[in-house]
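Engineer: Heads up: the sequence lines are chains A and B, in that order. Numbering-wise (the numbering used here), the first sequence opens with residue 712 and increments by one. Numbering-wise (the numbering used here), the second sequence opens with residue 712 and increments by one. Ideal Cβ positions, reconstructed from N, Cα and C, are used throughout, including at glycine.
Protein chains: 2
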Amino acid sequence: MPSDTKARIQAVARELFAEQGVRNTSLRQISERLGITKPALYYHFSSREDLVRSIVAPMVEECERFTRDRRAGDPRGLLDDYFELIWRHREVLVMMVRELSTLGELDLGTRMFEWRRELIALLLGDEITRAQQIRATVALGGMSDCAVEYAHLPLEEVKPTAVEAAAVVLGL
Amino acid sequence: MPSDTKARIQAVARELFAEQGVRNTSLRQISERLGITKPALYYHFSSREDLVRSIVAPMVEECERFTRDRRAGDPRGLLDDYFELIWRHREVLVMMVRELSTLGELDLGTRMFEWRRELIALLLGDEITRAQQIRATVALGGMSDCAVEYAHLPLEEVKPTAVEAAAVVLGL
DNA sequence: GTCTATATGATGATAGAC
DNA sequence: GTCTATCATCATATAGAC
């Protein structure tokens, strides 16, 4: 059985990134918490950016798959699934909210912004007024905030209320 | 008339902090955009942290004054004033959202979290269920997101809809 | 008030031994 | 796979001249 050092590096990095931000976390800190040395990291990842990307990629890909594979209609069900999606990735989400600037360097800021635009289109259609756009921001942004703020609670304790609140805002 | 270099430094710093994050901005960048040298900054500010603090302090103080001086009741009016408050400081708000971690070093993360707790208490009273808490997070968090996402629009185009959406969530 | 020059330390990254 | 040793680069910050 091969050693799973690579996965352990990612776990520790995710932990530190969520704790103190991506930019604030050095390879030294990661290696120290793991009990290995800095250069050892370079055997598993070609660069620091490679490591960051490997952690963020799964969420980004799943988000983009979510809007790509989804057909319009059933807005209430979409809110439901949207919440489970951001909830599943809330550890990375905390990271992103805390440091949009760093993710911007990886070109993820714009992709996530574009993703939310698509999400709003799925919810309310293509032609929407500014007022609808703002309500959608309150609804979706508010739900994201919940995933961050109540990240330590069980899903069942947060989701029903958060989804219902978002639905009320959107008049669903 | 004394030169207002100090204020110009703060203006440029605010600009760069909002653009690319606090941690990502070096004193070198600030001095270069101003057309002066790095050590010149130290004549006006005793340290980098001193400069950051001088920019964030006004918002934090006004937030804390807001909850301190306010008596409970008139929740609809509170939502109204809350939105104008975060809107007025939205440049700093973008900074904070983008980099809670750095602000955490300045002990501001906890203060802002505490502030939102007080705000929710003013809105809904001291004894609230978790469900009310979550709805409040959607409402207040959603409004904050609007200040960030529509920072480039005039207030009158955003505020009425955002406040109304928050009020609906809270059943006001 | 602003400059030049410099001290000191942390960072990401590589070379090469084991 | 992990180590020791080392590099260039960048950061904040200070000393002292003008």
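Using 7 Å as the limit for Cβ to Cβ distance, is aspartate 856/B near chain A?
Structural biologist: Yes, its Cβ sits closer than 7 Å to a Cβ of chain A.
Engineer: Can you tell me where the alpha helix (DSSP H) holding proline 871/A begins and where it ends?
Structural biologist: Unbroken alpha helix (DSSP H) run through proline 871/A: 866–880.
Engineer: Using the three-state DSSP reduction, which class does proline 713/B fall into: helix, strand or coil?
Structural biologist: Caution applies to proline 713/B, whose pLDDT of 43 falls short of 50 and renders its modelled position unreliable; the model cannot decide the point.
Engineer: So, does the region 793–806 of chain B touch the region 743–757 of chain B, judging by three or more C-beta pairs under 8 Å?
Structural biologist: Judged by Cβ distances under 8 Å, the region 793–806 of chain B makes no contact with the region 743–757 of chain B, as fewer than three pairs qualify.
Engineer: Between the C-alpha atoms of isoleucine 839/A and isoleucine 766/A, what's the straight-line distance to the nearest angstrom?
Structural biologist: Going from the Cα of isoleucine 839/A to the Cα of isoleucine 766/A covers about 35 Å.
Engineer: Using a Cβ-Cβ distance cut-off of 7 Å, determine whether alanine 862/A contacts chain B.
Structural biologist: Judged by the 7 Å Cβ criterion, alanine 862/A is not in contact with chain B.
Engineer: Going by beta-carbon coordinates alone, are arginine 744/B and valine 771/B separated by less than 7 Å?
Structural biologist: Going by C-beta atoms, arginine 744/B is not nearer than 7 Å to valine 771/B.
Engineer: Would aspartate 856/B be called buried (16 or more neighbouring beta carbons within 10 Å of its own) or exposed?
Structural biologist: Buried, because 16 or more other Cβ atoms sit within 10 Å of the Cβ of aspartate 856/B.
Engineer: Is the region 772–785 of chain B close to the region 863–882 of chain A, with three or more CB pairs under 8 Å?
Structural biologist: The region 772–785 of chain B vs the region 863–882 of chain A: no contact.
Engineer: By alpha-carbon positions, which one of Met807/A, His755/A, Ala850/A, Tyr753/A ends up nearest to serine 768/A?
Structural biologist: Per the sequence presented here, residue 768/A reads as alanine, with serine not at that position. The shortest Cα separation from alanine 768/A among Met807/A, His755/A, Ala850/A, Tyr753/A belongs to Met807/A.
Engineer: Use the C-beta contact count for glycine 836/B: other C-beta atoms within 10 angstroms, 16 or more gives buried, fewer gives exposed.
Structural biologist: Exposed, since its Cβ has fewer than 16 Cβ neighbours within 10 Å.
Engineer: Give me the Cα-Cα distance between aspartate 715/A and valine 733/A, rounded to the nearest whole angstrom.
Structural biologist: Cα to Cα, the separation comes out at about 23 Å.
Engineer: With a CB to CB cut of under 6 Å and the five nearest residues on each side skipped, what residues in its chain are close to glutamate 726/B?
Structural biologist: Hits under 6 Å: none found.
Engineer: Residues of chain B with CB closer than 8 Å to the CB of isoleucine 831/A, please, in chain order.
Structural biologist: The premise fails here: isoleucine 831/A is roughly 11 Å from chain B at the closest Cβ pair, so nothing lies under 8 Å.
Engineer: Would you mind working out which of Glu730/B, Ala729/B, Gly784/B, Glu860/B sits nearest arginine 846/A, comparing C-alpha positions?
Structural biologist: When only C-alpha atoms are compared, the closest one is Glu860/B.
Engineer: Whose C-beta lies closer than 7 Å to the C-beta of leucine 790/B among residues of the same chain, with five residues either side of it excluded?
Structural biologist: If we look at leucine 790/B and ignore the five residues flanking it on each side, its Cβ neighbours are Val874, Ala877, Ala878.
Engineer: Is it true that the CB of valine 805/A sits closer than 7 Å to the CB of alanine 850/A?
Structural biologist: Result no, Cβ atoms of alanine 850/A and valine 805/A do not sit closer than 7 Å.
Engineer: For tyrosine 793/A, which of helix, strand or coil comes out of DSSP?
Structural biologist: Residue state, collapsed to three classes: helix.
Engineer: Taking C-beta to C-beta, are glycine 852/A and glycine 853/B nearer than 7 Å?
Structural biologist: It is a contact, given that the beta carbons lie within the stated cut-off.
Engineer: Please go through the same chain and pick out, in chain order, the residues whose beta-carbon is closer than 8 Å to the beta-carbon of glutamine 721/B, but skip the five residues on each side of it.
Structural biologist: Around glutamine 721/B: Leu762, Ser765, Ile766.
Engineer: Alanine 724/A versus chain B: which residues are under 8 Å apart at the beta carbon?
Structural biologist: None at all; the shortest Cβ gap to chain B is about 15 Å.
Engineer: Would you say valine 880/B faces chain A, with C-beta separation under 7 Å as the test?
Structural biologist: So yes, valine 880/B belongs to the interface.
Engineer: Below 9 Å between beta carbons is the criterion; list the residues of the region 757–770 of chain A that meet it against any residue of chain B, in chain order.
Structural biologist: Hits within the stretch: zero.
Engineer: Anything in the region 824–854 of chain B with a Cβ closer than 7 Å to a Cβ of chain A? List those residues in chain order, please.
Structural biologist: Flagged, chain order: Arg841, Ala842, Ile845, Arg846, Thr848, Val849, Ala850, Gly852, Gly853, Met854.
Engineer: Look at the alpha carbon of glutamine 740/B and the alpha carbon of glutamate 868/A, and state the distance between them as a whole number of angstroms.
Structural biologist: Spanning the two alpha carbons is a distance of roughly 46 Å.
Engineer: Please report how far the alpha carbon of methionine 823/A lies from the alpha carbon of leucine 833/B, in whole angstroms.
Structural biologist: Going from the Cα of methionine 823/A to the Cα of leucine 833/B covers about 34 Å.
Engineer: Can you look up arginine 787/A in the DSSP assignment and give me helix, strand or coil?
Structural biologist: Here arginine 787/A sits in helix by DSSP.
Engineer: Let me know the secondary structure DSSP gives threonine 736/A once reduced to three states.
Structural biologist: Three-state result, threonine 736/A: coil.
Engineer: Check glycine 746/B in the structure and name its three-state DSSP category.
Structural biologist: Coil.
Engineer: Strictly under 7 Å for the Cβ-Cβ distance: is arginine 781/B near chain A by that measure?
Structural biologist: It does not: the Cβ of arginine 781/B has no partner Cβ on chain A nearer than 7 Å.
Engineer: Can you check whether the C-beta of proline 713/B is within less than 7 Å of a C-beta belonging to chain A?
Structural biologist: Interpretation of proline 713/B is limited by its pLDDT of 43, a score under 50 that renders its predicted location unreliable; no figure is taken from the coordinates.
Engineer: Could you say which of Ala729/B, Arg827/B, Lys717/B, Gln844/B lies nearest to histidine 863/B if we only look at CA atoms?
Structural biologist: Answer by Cα proximity: Ala729/B.
Engineer: Rounded to the nearest angstrom, what separates glutamine 843/B and arginine 787/B at their Cα positions?
Structural biologist: Their Cα atoms are separated by approximately 16 Å.
Engineer: Please say whether arginine 759/A and leucine 738/A have beta carbons closer to each other than 7 Å?
Structural biologist: Cβ atoms of leucine 738/A and arginine 759/A: closer than 7 Å.
Engineer: Any C-beta of chain A within less than 7 Å: which residues of the region 724–747 of chain B qualify?
Structural biologist: The residues in question are Gln731, Gly732, Arg734, Asn735.
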